[in-house]
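So the structure is just underneath, and the comments pick up after that.
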Amino acid sequence: MKRERWTGKMGFILASVGSAIGLGNIWLFSWRMGAYGGAAFLIPYLLFVFCIASVGLMEEWAFGRSQRKGAIGAFKNVFESKKAGTGALGAALGFIPVLAVFAVYIFYAIVIGWLLKYFVLSVTGAFSTMNIPEYFGTFTGTGETIGWHAAAVLGTMVIVLFGVRKGIEKANKIMMPVLFSILVILLIRSVTLPGAGDGLAYMFVPDWAKLAETETWVMALGQAFFTLSLGGATMLVYGSYARDDTDIPSASMQTVLFNFIASLLAAFAIIPAVFAFDLDPAAGPGLLFVTIPNVFDQMPGGHIFGILFFLSVVFAGFSSSVSMLEPAVEGFMDKLGMSRTWAVIVLSLVAFVIGLPLDTSMARFGLWADIATVYVLPFGALVSAVVFFWIFGADNARAEINKNAVKRFGKWFEPYAKYVFVSVALLVMILNIAFGGIG
Ligand code: PHE
């Protein structure tokens, strides 16, 4: 079987941007920006995302491209080439990031299911006749979510079934432009509402004092890692489909920039509207499933804007979920010699079945989501960085990142990657545990 490739740099970037833009941008970024100092929050955030997390992005891409394998095969190759007979150990280690991202997929699919349900509710105009806060509590954690969860798994499955180019790339080429366009429309609606000014102030008036608080920096760092999908598997497998002439440093700057723009657009689209209706911006599910439906229920033209909003969030969800399923699919194809079709079907079924007990209990759902994002995912990011920069070697890593790049990294990049980036990746793991989640 010939390994698939993206059609070009644009397809590769769009797929990566699709992975990056997800619930993290929508249900965390806007709230965090407001809560941790408004415009002042952008200082640690931009610093971490451009100067630190982008190194992780380039690392994962270059790692995948250099080995033309996903994490399991890539780790195996690197171990084996350093010391014969250690390949199996490498493969076992490479299993960790793949499993981590798959664990995230299992609960993410449930959230996409909720979003699908809310999309349908917005289409039928049901928000105006229901008790929105109460509804979320009676819907989630019950068997009612199972059908929607199944739809989310099915949607992800269909995209990944079509493969790298005809599935993932194509879907992102449709979903990303639509997502950005919708966010711009919503932004215009949101900032022109009477009373939107308080929300704009909440978001933008810098509260410099927040920069003196450790938590501000910790949250910005966690956000930077999670939003770029760093976990050692997703961006790695996407990189393994990248062409050799893809300029990785430039692609990483573009991906980080698009992802940041999406976060800002979402924040502009959400927060001013929330303030215009005297609601409290919340973090997490509360924002998306309670506050926002309330906003659209009260807003002039809210029916149509509500539909657009939930459509855009569904797209943000699917463009990420496909990137969580693909690493495991690649692993099954490569390790077990399965066809893509069978790998996708088997893994989708597994993800769905494991997710079932999470459907029916919010306690179990919360526990699983925590374990996956707080413990396992940051560990995957750390392991891949150590293997690439320390075992494959910082010099080889730099050469792969610089391959066909217009602006190349100098020698300084090697100690920076090896010591600074790897230490920060370790710190992200420790802080996640200490704070009970920062991503
Ligand atoms: N970046 C995605 C988001 O912000 C999450 C993600 C994590 C996607 C890990 C893939 C892998 O929602």
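So for the sequence shown, our numbering puts the first residue at 5; every next one is plus one.
The beta carbon of each residue, even a glycine, is placed where N, CA and C say it ideally should be.
Counted within 10 angstroms of its Cβ, other Cβ atoms place residue i as buried (16 or more) or exposed
i, result
"residue 26", "buried"
"residue 301", "buried"
"residue 188", "exposed"
"residue 326", "buried"
"residue 414", "exposed"
"residue 338", "buried"
"residue 389", "buried"
"residue 318", "buried"
"residue 32", "buried"
"residue 213", "exposed"
"residue 138", "exposed"
"residue 134", "exposed"
"residue 371", "exposed"
"residue 34", "buried"
"residue 394", "exposed"
"residue 201", "exposed"
"residue 161", "buried"
"residue 421", "buried"
Cβ-based neighbour list, residue i, same chain, cut-off 7 Å, excluding 5 preceding and 5 following
i, result
"residue 410", "251, 254"
Short Cβ contact (8 Å threshold) for residue i with residue j
i, j, result
"residue 283", "residue 260", "no"
"residue 381", "residue 108", "yes"
"residue 24", "residue 263", "yes"
"residue 270", "residue 442", "no"
"residue 136", "residue 285", "no"
"residue 304", "residue 204", "no"
"residue 186", "residue 315", "yes"
"residue 171", "residue 165", "yes"
"residue 176", "residue 18", "yes"
"residue 101", "residue 384", "yes"
"residue 118", "residue 293", "yes"
"residue 387", "residue 97", "yes"
"residue 246", "residue 412", "no"
"residue 74", "residue 241", "yes"
"residue 62", "residue 405", "yes"
"residue 183", "residue 320", "yes"
"residue 76", "residue 335", "yes"
Where the alpha helix (DSSP H) containing residue i begins and where it ends
i, result
"residue 451", "As shown, the chain starts at 5 and ends at 443. That puts residue 451 outside it, with no answer to give."
"residue 14", "13-24"
"residue 385", "381-390"
"residue 221", "218-231"
"residue 63", "58-71"
"residue 130", "Element bounds for residue 130: n/a, residue is neither H nor E."
"residue 421", "That residue, residue 421, is in no alpha helix (DSSP H); it is neither H nor E in DSSP."
"residue 297", "296-302"
"residue 394", "Segment: none, residue 394 is in no alpha helix (DSSP H) and carries neither H nor E."
Cutoff 6 Å; reference residue i; Cβ partners in own chain excluding five residues on either side
i, result
"residue 311", "126, 127"
"residue 45", "37"
"residue 234", "60, 385"
"residue 265", "none"
"residue 401", "392, 393"
"residue 307", "129"
Residue i beta carbon near ligand 2 (any heavy atom closer than 7 Å)
i, result
"residue 233", "As far as ligands go, the structure on display features ligand 1 and does not contain ligand 2."
Assumed close pair residue i, residue j - CB separation to whole angstroms, cut-off 8 Å
i, j, result
"residue 199", "residue 279", "6 Å"
"residue 432", "residue 229", "5 Å"
"residue 167", "residue 8", "6 Å"
"residue 220", "residue 48", "6 Å"
"residue 332", "residue 106", "5 Å"
"residue 355", "residue 113", "6 Å"
"residue 173", "residue 10", "6 Å"
"residue 145", "residue 365", "6 Å"
"residue 223", "residue 40", "6 Å"
Any C-beta of chain D under 8 Å from that of residue i
i, result
"residue 371", "Looking at the structure shown, chain D is missing, and only one protein chain is on hand."
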